[in-house]
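Q: Counted the way the working numbering counts, the sequence shown spans residues 2 to 233. Idealized CB from N, CA, C, for every residue including glycine.
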Amino acid sequence: MIAHPVSDPASLSTSTPVQSPSAANLLTAEPITCVRDRRVVVSMARLTLAAGEWVELRGANGSGKTTLLRALCGLLPREGKIQCRGRIAFVGHRNGNAGLLTPLENLRWHRRLHDVPAVDAELLDALEHVGLLRVAAQPVQQLSQGQQRRLALARLLLSDAEVWLLDEPYAALDVAASGLLDELLAAHCRKGGAALVSSHSPLALANRVIDLSWDDFPSAGRTAADSAQAIA
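Encoded structure:
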């Protein structure tokens with residue numbers, strides 16, 4: 002997971018519904034264009050994430066979901082202006098775990114990497130929250146893919162970033178873990194954070210859907226109801 006400020010240079014789905022977002026945008030990109038191998042992958046006139054908003058990023062394979070998320074957090078070049086009020090946490094396809102380290106050691110390393118004190122009590126609480134306390138001293142390479150994904154969620158839980166950019170975070174999660182992620186996202190948005198989450202399956206708790214499969218990228222950001230009508 003990457004957590005840093007970005008400024009402009011170049012499960013059991015029983016979660017409490019996400020509140021209506023506020024008018025304040027935590028992330029604004031306008032316009033934004035991502036080009037790879039001389040091909041325009043994503044081109045949008047405007048993208049916003051408001052405080053309290055959970056936005057689903059939908060699209061077929063190759064539609065540019067991963068490219069857009071990585072460009073928004075500064076991992077890929079892009080054209081356009083990005084303004085972010087606060088910090089960004091990014092979780093990609095890869096979990097970003099060190100296989101030879103234990104879950105607890107991974108969290109210690111991650112905290113120190115970001116110059117944050119590594120208090121074991123807090124780290125163990127995070128591991129307990131994601132159901133990994135019993136394997137806290139076991140090398141990560143011995144854990145299942147689902148458990149390794151839970152460890153990435155533990156890092157996210159410890160993050161103080163206002164904006165979460167998550168690329169297919171539900172991959173490899175069972176029903177219980179998917180419900181846990183729902184709860185983490187809902188709690189984050191209730192506290193005034195924002196999240197842009199890519200998924201192949203509809204996310205019932207999201208406030209809004211951006212569908213990169215549509216041809217009219219400038220109109221991206223319709224409501225979930227509009228999206229359902231467009232896709233039907």
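#1: With a threshold of 8 Å, are at least 3 pairs of Cβ atoms found where one atom belongs to the region 99–108 and the other to the region 58–70?
#2: Checking 8 Å against the spacing of the C-beta atoms, do Leu-48 and Val-164 come in under that value?
#3: Using 8 Å as the cut-off, can you tell me whether the region 32–47 makes contact with the region 145–154, which would need three or more C-beta pairs spanning the two stretches below that distance?
#4: Name the two residues that bound the continuous beta strand (DSSP E) containing Ala-90.
#5: What first and last residue would you give for the beta strand (DSSP E) that runs through Pro-32?
#6: DSSP on Lys-82, reduced to helix/strand/coil?
#7: Under 8 Å by Cβ, that's how I've got Val-42 and Ala-207 pegged, so tell me the actual separation to the nearest angstrom.
#8: Assuming Cys-237 contacts Leu-166 (C-beta within less than 8 Å), just tell me the rounded distance between them.
#9: For the alpha helix (DSSP H) that Glu-184 lies in, which residues bound it at each end?
#10: Between the alpha carbons of Gln-149 and Val-117, how many angstroms are there, rounded?
#11: To which residues of the same chain is Arg-79 closer than 7 Å at the C-beta, ignoring the five residues directly before and after it?
A: Inspection of the coordinates gives the following:
#1: no
#2: no
#3: no
#4: 88–92
#5: 26–37
#6: strand
#7: That pair is no contact at about 23 Å.
#8: Here the chain has residues from 2 to 233 only, and residue 237 is not among them.
#9: 176–191
#10: 22 Å
#11: Ile-33, Thr-34, Cys-35, Ala-72
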